[in-house]
Every structure is written in C-alpha cells, then in structure tokens.
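As given, the protein sequences belong to chains A and B, one line each in that order.
Letter by letter, the first sequence follows residues 1 to 556 of our numbering.
Letter by letter, the second sequence follows residues 1001 to 1556 of our numbering.
A virtual CB, placed ideally from N, CA and C, is assigned to each residue, including glycine.
See below for the structure under consideration.
Number of protein chains: 2
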Amino acid sequence: MKFPTTTWRADLVAGAVVAVLLIPQSLAYAMLAGLPPQVGLYASLLPLLAYAALGSSPVLGLGPVALLALMIAQALGALPAGVSPTEGALVLAAEVGLLLAAAALLRLDALSSLLSVPALRGFESGATLMIAAGQLPVLLGSAAAGFTLPELARSALHGGFGALSAAWGVAAIALLLLSRRAGSRLLARLAPLLLLVAAMALSAFTPAATGVAQVGALPSLALPLGLPRLEAALWLQLLPAAALVGLMGFVSSLAVSESLAQRRGEKLLPAAEMRGLAAANLVASVTGGMPVAGSFSRSILLHEAGSQSRWTLVFVAAFMFLAMLMLAGPLAHLPKPVLAATIVVAVLGGFSLRHYQDAWRYARAEGLLMAAVSAVVLLWSVGAALALGVVGSIALLIQRTAQPHVARIGRVPGTQHYRNVERYAVECRPEVVGLRIDESLVFTNARGLVDVVLAHVREHRARVGLPQRVLLLMAPVNHIDVSGLTALQDLHAALAAEGLRLEFSEVKGPVLDRLKAVGWLEHYDVSLYLSHHEGIQAGEHALRPSLADHDAPGQL
Amino acid sequence: MKFPTTTWRADLVAGAVVAVLLIPQSLAYAMLAGLPPQVGLYASLLPLLAYAALGSSPVLGLGPVALLALMIAQALGALPAGVSPTEGALVLAAEVGLLLAAAALLRLDALSSLLSVPALRGFESGATLMIAAGQLPVLLGSAAAGFTLPELARSALHGGFGALSAAWGVAAIALLLLSRRAGSRLLARLAPLLLLVAAMALSAFTPAATGVAQVGALPSLALPLGLPRLEAALWLQLLPAAALVGLMGFVSSLAVSESLAQRRGEKLLPAAEMRGLAAANLVASVTGGMPVAGSFSRSILLHEAGSQSRWTLVFVAAFMFLAMLMLAGPLAHLPKPVLAATIVVAVLGGFSLRHYQDAWRYARAEGLLMAAVSAVVLLWSVGAALALGVVGSIALLIQRTAQPHVARIGRVPGTQHYRNVERYAVECRPEVVGLRIDESLVFTNARGLVDVVLAHVREHRARVGLPQRVLLLMAPVNHIDVSGLTALQDLHAALAAEGLRLEFSEVKGPVLDRLKAVGWLEHYDVSLYLSHHEGIQAGEHALRPSLADHDAPGQL
C-alpha cells in the first residue's frame, strides 16, 4: 500500500471525523457485547492496520459493530466456569479470522449470495430493535438483561428501576436527538463525543451521578498482546457462533462496501475484502480485541468525509491511540446510561419500517420472510433467524420456478413480434400453436410441463382452429436440466400421440449447445427456427433448417 | 367406481397376466423385506381394492415393490426386543398411510417435485444393485447378510457357502434369463410362476433340495385382521423410515403412472394418487400386510396387457386369493435360492448404465450427483441417499441461477431479430448497448449484475462506439425478486454515474405488473419498449411510451 502523497490531507481529515464517531461507538459496542469498554478501544487499533494492508475498500469503517456485538453477547452468554468474557471474545475473534481465511482460500465468497436482501435486512432490522430493547434497562437503571425479548421481559419483572439513571439516560437521548435536528452536520457528528466528555466531567466533578452505574476504573491500558486460550473444548463450543459472526460480518461489510464502490465508480474485490476481514479479526484476537467488521454508519461517513485510500484507517487508528491515552482516567466516571443512549440513538438511526413496507408491496412472500426473520431475532436467536433467512429464500426461489408461466402468443399486427394472447390484440394462425415457456425447464417444474402445454393446445383448438404443430418460443428458457430434458421427451411423445409436431424457436446458445452435444434434436426430429416469426411463417412442409446453418453466422 | 360393462373382459385378462407376475414377486419381496412370505400375499389382496376405490390410474401395479422392500428391511433392522418384524411392518404401513393421508389433506403432493430425475434414478439404480447384492448370499447358500455393501462384505468373511444352494440359484437364474431370450412374450411372462411351481414340485417329491434353505411351513393363511401395535415408542422409532418409505412410494408410483397416463392420453390426478396410496397402506396395516406402492414392471405389464379401468386390480386381488389357497401347502418346500433368483432377475432387468451415461453426457454435474446418490445407497443408507439427492439437486439449481449468462446482442441483418454478437454476424448501433439478461434476477445472482453490465458497456465502448443508452432485453427474465430489484436500482445509479440511461425492452407481463405496482419505472424514469427492435430504433430523444399504452392491446 503506497502512501497517498497527493491525497493524504483528505485522508487525515476523514480519519479524524471517523475517529470522533468511533470513540463512543467502540466503548458502547464493547459494553453491548458484555465486555469491558477498553476491549472496544483495543479492537479499534491494530485490526484497522491489518485491514488497511490486505483489504480493498478505501471507505470501509472497520471496527466493533453493533450487529456483531449482539451476536458476540449471545455467544459469550454460556461460557464454561473459569473463562472470562474477554477470553471468550479473543477465541471468537481468532475463530472468525481463521474461518474467513479458510473461506477466502477455498473461494467461498460466493456463498454470501445465499443471504437475500430481505433476509439480510430482516436480520439487521430485527437485531437493531433487539439491541435498542436490550439497552432500555441500562438506560432506566434496571438490572434486567437478556438477549431476546422474552428473556428481557422475564428479568424485568423482578428488576428495579433507578430514577436518577433514567434521568441521565433520557437527557442523553434528548441531547443526541436535538443535535441531529439542529441542522448542523458538524454538530451532529461531534455530539456523541461531546456528550461523553461532558458526562464524564459532570459525573467526576459533581455528585450528579451518585448511585448511577458507571464504567468504573479501567486496568492499565497497555495493549494486552498474547495468544487466545488454546482449549479444544472452548474452541469447539464457540465454533458455531464464530461461523455466524464471520458470515454476518462478511456479508454486512460487503453490502456496504460494494454499494459505496458502485457509487464511487470503483471496483471491489470480494475475495480481498474477505482476506482483509480475516486479517483484522486475527490481529484483534492477539491484541485484546473482539470480532470486528465494517460498520454501515462509519463507512458512509468515511465516504462523505472524502476518504481516498485505506491510509485513512491508519490515521483513524492513530487518533484512537491518542484518545485512549487521554481517556484512561476520566472514563471511570462515565455513567453507563449515557453509553446506552449512544447505542440506542446510533442503531435506531438505521432502522426504518419502510424496508418492510417496500418488500411487502413488491412481493408479499418476501415481505413476510423479512418480518419473520426479524421476529425470530427478537424472540428466539440470531442463529435460528439466519437459518430461516437462508432456507426461506431458497424455498421462495424454488416455489417461483415450480410454477412456470406459459403463455400462448400471437403476432402483434405489423411487426415480427409475438406477445401473450391474453394481454394483447394479436394474430394467431390455426395450424400452429405458439407458446412461450417463461421459465427454465428444471426439476422443480418439469413434471407439470406436459399438462400445461396440452391445456394450451386444447384452448387453441377451441378458439383458433385445428393445429398441426406446436412451436415453443424458448427465449426465456435459460437452462434445461436432465429432468427438464426428460419432460421434453414426454412432451414429444404426448404431442405425437395427438398427431402434433413439436418445434422450437429462439433456443439460446448455451441451451442449444447442450441439446446438440447429445444429438437430441436429430433424435426426436424437432425442427428449430432462429426466430419465432420465421417458425410461424414456415409452411407445413417446410424443410427443417439444418442445425449447422444456425451455427454459421449471417446465413439467415 | 362403475363396473366396466364394456371393457371387463380386457380387464379380466390383464388381471390374470399381472397376477401371474405378482405371485412370485409378492413372496420374494416379502422375503427381501425380512418378512415371512405370506405377508407379501396379504399385501396383494385388500390394499389393491382400497387403491381401486380411491386412486386414479387404471394401470398402476399396486402391491409390494422391491425398492420399498429394501427400505423396509433397513427400517426393521433395529426393532426393540419383543417386537417381531411382522408387527413392525404393520406399524410402518400404518404410518405410511397416515403420513400420505395427511400430505394429501395438506396438498403436499407438489413436494414430490423436489426429487429430480437424476436423484430419483440414482436412488432407484443404487437400490437395484443393493437388492441384487443382498440376494447373492441367499443364492449361494451363504449366511452373510447386510443392508449395505460394507455390512455384506464384513459378514461374508465369516459366512460359509452351500454348493447345492448355489446350484439351485444359478440354475433358476439361467432358466429365467433363457426364457427372456426365447423370443416368446408369453413364455417370458409365465416363466417366474412356472419356475416356482416346478421348483416346489422338485423339492417336495425328490431329495434334490435336501439341505437347501426352504420357505418352510406357513401358519394358517386366514387373513390376520387387527390393529397394529399401538406403542408410542415404537411408532416414534419407525416414523423417520415411514416418511422415507411414503415419499419414495409416492414419487416412484407417480413417476410410472404419470408417464403411462401421458402415453395413453389420460389425465392423472396426483392428489388422487396420494389418497389411493394412503388408503392402500392403511388397509395393508390392518390386514397383515406391509407398505405397498406401484411397481414399475407390473404397471407397464398392466398397460401392455390392455387394462382399461381400476377394476383390473379387483380381478388381480381375486386371482391372488385363489393362488393363496392353492399355494398354502406346497409353498413350504420352495427353496429360497429360487425366490432369490426371481428377485435378482426382476430387479436387474430394470437396471441400466445408460441412465448414468446419458445424464453425464448431457450435464456432468447431474451425472455425478446421480452416481453419488447410488453410491450412498450402496455404502451408507437410503435415508442419506435421499437427503443427498434433494439437497444436491437444489444446490445445482442455485449454482445455475448464480451464474447468469448476459449476452451483448445486435440485429440479425434484414430482420427485427437480435442475437448474441459473439455467435452471429449482427449489426450494432454505437449509441445503444443492447444486452440480453439470460436469467431471472434473484438473490443468488443479483450481486453480480452491475459488474457484468458494466463490463459489457466497456466492451461496447472499445469495439462499437460511445453509447448513450443501455437497453436491456428482458424477455428471458421470468422473475425479479426484492434482491434483484435492489440490484436494478444499483445498476441505475452506476449507469447514471457514467452518464448512461437505463432502458428496458420486452419486459414480460407478470414482471411488468410488479414493477408498476410499486411505481418503479416512473420513479427511476426507465424507458420501456414493447420490442427490442423498437427500443433500438428509438431516437435519442424519443418520447417515453406511457405505461398505459402497453396495457391497451393493439395500440402499437
């Protein structure tokens, strides 16, 4: 990575802007993960350098993120006796790093596409609500805690409520929201850090926070270098959670860095992103950190603040180091409700009911899936929600291909263009049934093909006349698998039984290549036309164009 | 079901022909399932009447089948102490019947399409080989036994070998094969029954079968009516196997009855098939039988012998009842190697390496999947093989949609038809990049769309000229899900960043309806053309055809 001699000033400014946001977020997300706040600071130092060295996006806001913090908290909820959450987080980060490195080596980055947009958004929105809900007790000075709404509700029944804590929390939220409404971008960006400093000062020099939970004295802030605990049982226990954290970290980072790259006209390399994330997590695991990924809010901020290269992250790390030295003492006095307020305002800023509405309006089933994934995050667990998202998306995909749309088509008068007889006023010729097969012929729908085609033939007979041929417009058929091929053979036999010839038009290159490779068209004597128009016009006894002709460009 | 006053003679003859094949098969498949031979006879009586009353195919050869017999044998391999295989088989049949009835009620018959042709054929071929291999020890007078090749091999190491048994077995196989080669269809069909009668006579009246395992004296052949054992633990233990047997029984029956219905120009109702199978299995469970389904070989025979209605099955049951009365005594003397020979010849007649070759030649991946499913049947278990078949088919489907084919297209000179520039000599206009998107836009491929389109735009710039518009031919796009819609939004933004307009042509009705429902085209100001040709011809400043025009048939 070359030093950006021309753009370093822009990168330095962007680094400062992001560090101002990262300082409160790193502390808050560590707390959210059930870890001491300094772990968030450690995770915001050297891991950034590792990503800068191996990643590919100049605007990925790497570091602790809220979504992963929730998943980490769930994973560390049942550690064996004698293992501290801090130690668990290091093992988790090591596993996430190793899994991502293995996935990068095996080129598994494509697997991330199994998470559809509704599944991903449903997961993120559900997690956002759960994170905010989980901070409510901290905000209100209650001892309630839990990773799901039912757990939270159960523990809230027995928890108390602190009026002074609630006052701190509500005041902090009000100030943060007001700063956003003030209309000054600079103020809105500085607000979380200013609030932190003001709260620490108020709490340290006045009795205003007496009785309110505070962060407490930190141990020495010397970076705790060392390998994570190497216990097979512990690693095995955390492995499933590490797989989820790694997948979610990669997919959510890729989603934001890819959309920014498209906006910036840059090319993003998913494999490089994977390597960068792997390195960052491995470094986090040996420098006292926690699993890290790219934050949505900080990535946007990097882009808006004008970051031009990954050196920006180096500057962010330098600012974080300075902040760490300066905050070491005062941090002890920070009231926890203020940190909780920072979290709630940060995550709820990204929540919107519109995502659900948009999905629901466009496709009911996908909107339902999205809501179901969110509900499972809130009521059950992040692992079950991710599984539902992947399985549900695949089920919807299969269900869609299983109900093929087959249209009887006719000629749009005066053109060589053919459209659905039910939607357009078109011309049909009695001797040919023209059908458009609107789906790849694959196992999920193959069994229904013969019935659907025969139904259209009956319709044609009743409305247009006695046909001699059935001409299938194959342009929308992108694949034919073995089951589909078997169905075409059945169709050929069924049509032959009614004295009808089977013919194809506009078969696409890749599909045609396969049919030719096994000599299918010759074997079943299926005529083939370059265009549907040509096929319809062809006389009853037209010569079957030789297959070779179709290969020779320009002969038609 | 009305009595077929005009066709009853044809049905009676077909019934006799099939009964001749069913007698030896019912005995042999009961033995294959690890059950006493009379269970096969019981399963060939009243269950046939139940299917005749509720099913829909006039040519489904219902009764015991080899494939299910293998699965039943595996399921009954680990029964708790005190439960006989016969009792287990009754519980299994009851569960299969109830599961199929529930599936019919919930209209789950469509789920059967999850079993692709390669998965089904791979499973059947593997099972065929396993059945034949499992009969080898019986044929050769060895005590070896097992449900998989490794089990069989292990037990064969310790088993003996009976020369006289082997002589019976080899002679029986030779006679059966010779009868098939003789060229007389009648002889080939009668051969298994003749062989059985001859072997029983030879064994009863001469010492030729001394020392060879024989079927042994049967208990009273009075039909053992009664409910199966109602023990929750037993039912729970057999439930997974029952689900597999039910699925496989339904899918394999449907495959043969559907293909025969198409050949006969009849309409088959999958839901009625499911009800018929459910009823047959429930009746089997209270009349001393075993799980039943439609046999491939007997169904073909029913069709060839001229069966016209489901009354044929009633006649088959009547013949089976007569046979049962007559066979009761002599059956005790039947040498087991002869029954084994019947099984081996029957199942291997349906095996062919050509299925593997065909699949492999047409699509490597599907050929591999088929071979893998067969291997898992032979080496591991039928349950794992079915799971591999379903999951593997879905994985291949996803992998195919994940790699969309996008073609840059130009006009075939003198036509209004557009094809791939790399396959045909076509004309392109510099100001428009014409692209055909050869895949539905769904979550598995959405992430790659922008990159692929931008690559084609660069190619167009380098080879044709400076474009102002990108016109996507959407005819092959059968669906756009929420992820795909998000990708189109990203594409719109990415093209706008390069000063290019995004336009669509030939968007199909169902896809267009959805885009219009959310006002997508207006919002992103995407022009829409009825045909690609019209879109290419449209001038730079062409008016955007109003969406309403497209709805009004015949206005263009």
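Cβ separation of residue i and residue j, assumed to be a contact under 8 Å, to the nearest whole Å
i         : j         : result
Leu388/A  : Val406/A  : The Cβ separation is near 32 Å, so there is no contact.
Phe1443/B : Ser527/A  : Their Cβ separation, rounded to whole angstroms, is 37 Å, which puts Phe1443/B and Ser527/A out of contact at 8 Å.
Ala93/A   : Asn281/A  : 5 Å
Val1156/B : Ser1142/B : The question names Val, yet the displayed sequence has Ala at residue 1156/B. That belief holds up - the Cβ atoms of Ala1156/B and Ser1142/B are roughly 6 Å apart, short of 8 Å.
Leu339/A  : Ala28/A   : 5 Å
Length of the line joining the Cα atoms of residue i and residue j
i         : j         : result
Gly294/A  : Gly246/A  : 12 Å
Ala1043/B : Pro1192/B : 19 Å
Ser1307/B : Pro1058/B : 7 Å
Val1421/B : Glu1427/B : 8 Å
Gly1519/B : Glu431/A  : 40 Å
Ala1171/B : Ala1208/B : 13 Å
Glu1484/B : Pro1004/B : It is worth fixing the name first, because residue 1484/B is Gly in this sequence and not Glu. For Gly1484/B and Pro1004/B, the distance between alpha carbons rounds to 56 Å.
Leu1076/B : Pro1118/B : 28 Å
Glu258/A  : Trp1360/B : 38 Å
Pro1291/B : Ala1233/B : 20 Å
Leu301/A  : His1460/B : 35 Å
Arg1154/B : Val1083/B : 26 Å
Pro24/A   : Lys2/A    : 30 Å
Gly349/A  : Ser179/A  : 13 Å
Gly61/A   : Val1373/B : 46 Å
Leu12/A   : Val197/A  : 23 Å
Met1474/B : Pro510/A  : 17 Å
Gly1216/B : Ala1204/B : 11 Å
Ala363/A  : Leu238/A  : 37 Å
6 Å CB neighbourhood of residue i in its chain, flanking five on each side removed
i         : result
Val1065/B : Ala1293 and Ser1295
Met1200/B : Pro1330, His1333 and Leu1334
Leu1502/B : Val1470, His1492, Leu1495 and Val1526
Ala346/A  : none
Tyr1529/B : Ser1505 and Gly1535
Sub-8 Å separation of residue i and residue j beta-carbons
i         : j         : result
Leu45/A   : Phe321/A  : yes
Leu1396/B : Ala1365/B : yes
Leu1254/B : Glu1273/B : yes
Ser1299/B : Thr1007/B : no
Leu313/A  : Ser56/A   : no
Leu140/A  : Gly183/A  : no
Leu441/A  : Val391/A  : no
Ile1173/B : Ala1050/B : no
Leu449/A  : Arg408/A  : no
Ala497/A  : Arg1263/B : yes
Leu369/A  : Gly126/A  : no
Ser1285/B : Leu1090/B : yes
Ala1278/B : Gly1097/B : yes
Val20/A   : Leu190/A  : yes
Phe1319/B : Gly1063/B : no
His1479/B : Arg400/A  : yes
Ala1073/B : Phe1147/B : yes
Leu68/A   : Gly276/A  : no
Same chain only: Cβ atoms within 7 Å of residue i, ignoring 5 sequence neighbours per side
i         : result
Pro1270/B : Asp1109 and Leu1254
Tyr424/A  : Val412
Asp1438/B : Pro1404, His1405, Val1406, Ala1407 and Pro1476
Leu1244/B : Met1071, Val1382, Gly1383 and Leu1386
Leu35/A   : Pro85, Thr86, Ala89 and Met290
Cβ neighbours of residue i in the same chain (closer than 8 Å, five flanking residues each side left out)
i         : result
Ser1531/B : Gln1416, Ser1505 and Glu1506
Leu1149/B : Met1130, Ala1133, Leu1378 and Leu1379
Gln1214/B : Ser1203, Ala1332, His1333, Leu1334, Pro1335 and Lys1336
Leu1114/B : Val1390, Ser1393 and Ile1394
Original post:
Whole alpha helix (DSSP H) runs in the stretch 26-94 of chain A with 4 or more residues, listed along the chain?
Top reply: 37-42, 46-54 and 66-75
Original post:
In chain order, which beta strand (DSSP E) runs of at least 3 residues are fully inside the stretch 1288-1363 of chain B?
Top reply: 1293-1295
Original post:
Counting only runs that start and end within the stretch 396-451 of chain A, where is the beta strand (DSSP E) found for 3 or more residues in a row?
Top reply: 406-411, 418-420 and 432-437
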